[in-house]
Every structure is written in C-alpha cells, then in structure tokens.
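Colleague: Numbering (this note's numbering), first residue to last: 26 to 160.
I am attaching a structure below and will ask some questions about it afterwards.
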C-alpha cells in the first residue's frame, strides 16, 4: 500500500534511457567510444531527469561513471528533447521507445550502447490489492 493512500503499487519494470544523437550531427566528430568522448559533443539535458551540470552513466557491467558537463540546452519535456536531437543540436538520453522510429530509419543513432543513465522504475497503481496477484 502506498503511504498516505488507499492505493497499491507494484513495480513492473524499468526504463533505461539510451544515449543518442542524429547521424548528421555525429558526422562532424570522430568515433565516440568512451564516456570521456562525450566532452566534445553538445549535451541536450532533460532538466527534470538529469539537471544541467552533468550526469551518471552505468555500463553494462555495472560500473558507474560521472560525466561532468554543462548542458548546451536544457529542456523540460521528452518531446522537446527528442526534437532537438532529430534537429541535430547535440546528444541526449531518451527512452528507447521514444527514439525507436528514428533509430530504425537511421535518423538517430545510439552512442555508447553499453551505457545508460538513470533507471526509471515503472509501477502499476491499483485500488484492489487482489489485483496484484494477477500482474
């Protein structure tokens, strides 16, 4: 049961953002193969998720890396971040499902595929605690 509520919550998954940028934008730079290579790129920050002074990345083997970088642009919505990335303003972190169409058609490309930023939990919220058993 949620504190101060008659509702119940069950964690059903997590979203890990991917790091991506437009193919056209990246053509102006060399290969991006380590988190340090991100220093040469312009960062478009989702202010609510990352702030605008840096971010933490986690590798597929669980190693955490702090990237200290000032954002070129800081936005407050995923829709706006998505559009800035498509427009070639810089790189940023998006949920894969948001960028899927552009990743498939090559408009956006994933950078540092072995890294992601924060894991965002997904919860199902429900009124009847018996529902939890069927989730």
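Just so it is clear, CB atoms sit at the ideal spot from N, CA and C, and this is done for glycine as well.
Quick caveat: nothing in here was measured; it's all calculated off a predicted structure.
To the nearest angstrom, report how far apart residue 61 and residue 31 are at their CA atoms.
Modeller: 47 Å
Colleague: Between which residues of its own chain and residue 132 is the CB-CB distance below 7 Å, once the five residues before and five after are set aside?
Modeller: Excluding sequence neighbours, residue 132 sits near 47, 48 and 111.
Colleague: Going straight from the alpha carbon of residue 126 to that of residue 104, what length do you get?
Modeller: Distance between the alpha carbons of residue 126 and residue 104 is about 14 Å.
Colleague: Could you spell out the range, first to last residue, of the alpha helix (DSSP H) harbouring residue 130?
Modeller: First-last of the alpha helix (DSSP H) with residue 130: 121-130.
Colleague: Whole angstroms are fine: how far does the CA of residue 141 sit from the CA of residue 43?
Modeller: Their Cα atoms are separated by approximately 5 Å.
Colleague: With a cut-off of 8 Å on the beta carbons, I'd call residue 117 and residue 70 a contact; round off their distance for me.
Modeller: 7 Å
Colleague: Using C-beta distances below 6 Å, list every residue in its chain close to residue 137, excluding the 5 sequence neighbours before and after it, in chain order.
Modeller: 44
Colleague: Are the beta-carbon atoms belonging to residue 115 and residue 67 less than 8 Å from one another?
Modeller: yes
Colleague: Restricting to Cα atoms, I'd like to know which of 59, 97, 72 and 101 is closest to residue 82.
Modeller: Out of 59, 97, 72 and 101, 59 has the C-alpha closest to the C-alpha of residue 82.
Colleague: Does the distance from the CB of residue 63 to the CB of residue 92 come in under 8 Å?
Modeller: Going by C-beta atoms, residue 63 is nearer than 8 Å to residue 92.
Colleague: Please classify residue 96 as buried or exposed, where buried requires at least 16 neighbouring CB atoms within 10 angstroms.
Modeller: buried
Colleague: From the DSSP output, which residues share a beta bridge with residue 41?
Modeller: 144
Colleague: Going by DSSP, what residue range makes up the beta strand (DSSP E) through residue 100?
Modeller: 98-100
Colleague: Taking only three categories from DSSP, how would you classify residue 57?
Modeller: coil
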